[in-house]
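Contents: one structure, followed by commentary.
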Amino acid sequence: MIRVLLADDQTLVRAAFAMLVGSDPDMTVVAEAGTGLEAVEKARSARADLVVMDIRMPELDGIEATRRIAADEDLAGVKVLVLTTYDTDDHVVEALRAGASGFLVKDTRPAELLAAIRTVAAGESLLSPGPTARLIARVLSAPRAPVTGATGGPDRLSDRERQVLGLVARGLNNTEIAETLGLSPLTAKTHVSRIMGRLGARDRAQLVIIAYESGLVVPAGHQE
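By the count of this note's numbering, the sequence shown reaches residue 239 at its end, each step adding exactly one.
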């Protein structure tokens, strides 16, 4: 059972999400929060597995709330899925740097939201379909801030690990990485896990940020 905390300052939005999550037999809403500060407190007290976090929150915005959750050792297993009104929200990159495992726009279809919760709760990252190229462009142009928890860059990795990191940044899953490099899926998964450990990344979303900010991967149209 996935224990979900819903954090949004709009009561009706929380109620709608609560009904949706409650309709899935594999999920349960353990708490709701109307402010970012309340979200941090309830992530701890309600023992949530995943927080569905609105970026624009009173008292403490969703980015700082995410950063505090990610930095708290007692909340190491808690995942954050950020919701934003528009897929061009200027704060999406900052949320991923802060420790969010992915983001979705608020007009996402109900089935997609439930699928996203399962994906993120399972330890995978998730980016809303479509805006990934714009997200990467924003990573390259936005003022750089350290990725929460990150302890180094690709120079700490072996040649093979840098290959794997580059493929993760291009959106390949473990099976696709294995096929590309002639590895077994288990070996590819092991490489990804080892890379996360060496770079201090919480998940694949943070690996993407590190890969692009370090220059290991350069999106089309930005090559010199």
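Glycine is no exception: its CB is placed at the ideal position from the N, C-alpha and C atoms.
- Here DSSP, grouped into helix, strand and coil, assigns Arg124 to coil.
- Between the C-alpha atoms of Gly92 and Leu65 there is a straight-line separation of about 9 Å.
- Boundaries of the beta strand (DSSP E) around Asp69: Leu65 to Asp69.
- According to the DSSP assignment, Ala22 belongs to no alpha helix (DSSP H) but to the beta strand (DSSP E) extending over Ile17 to Ala22.
- When C-beta atoms of the region 209-223 are compared with those of the region 112-124, three or more pairs fall below 8 Å, so the two segments count as touching.
- Rounded to the nearest angstrom, the Cβ distance from Leu20 to Ala58 is 6 Å, consistent with a contact under 8 Å.
- Counting only residues of its own chain and dropping the five nearest sequence neighbours on each side, Glu47 has a CB closer than 6 Å to the CB of Leu21 and Arg29.
- The region 29-113 contains, as complete beta strand (DSSP E) runs of 3+ residues, the segments 42-48, 65-69 and 94-99 (chain order).
- The closest CA to that of Arg71, considering only Arg185, Gln25 and Val233, is found on Gln25.
- Per the coordinates, the alpha-carbon of Leu180 lies some 10 Å from the alpha-carbon of Ile192.
- Looking from the CA of Gly168, the closest CA among Glu56, Leu128 and Tyr227 belongs to Tyr227.
- Here DSSP, grouped into helix, strand and coil, assigns Leu187 to coil.
- When only Cα atoms are considered, Ala61 and Glu53 end up about 11 Å apart.
- Across the structure, His206 and Leu90 are spaced so that their CA atoms are roughly 25 Å apart.
- The Cβ atoms of Glu74 and Thr50 sit closer than 8 Å to each other.
- Pairing Ala110 with Arg209, the inter-Cα distance amounts to about 23 Å.
- Here DSSP, grouped into helix, strand and coil, assigns Leu172 to coil.
- Nearest to Val97 by C-alpha distance, out of Ala216, Ala86, Asp76 and Met211, is Asp76.
- In the DSSP assignment, Gln221 falls within the alpha helix (DSSP H) that extends over Arg219 to Glu228.
- In this structure, the beta-carbon distance from Met68 to Met42 does not fall below 8 Å.
- With distances taken between CA atoms, Asp122 lies nearest to Ala31 out of Ala31, Ala137 and Thr81.
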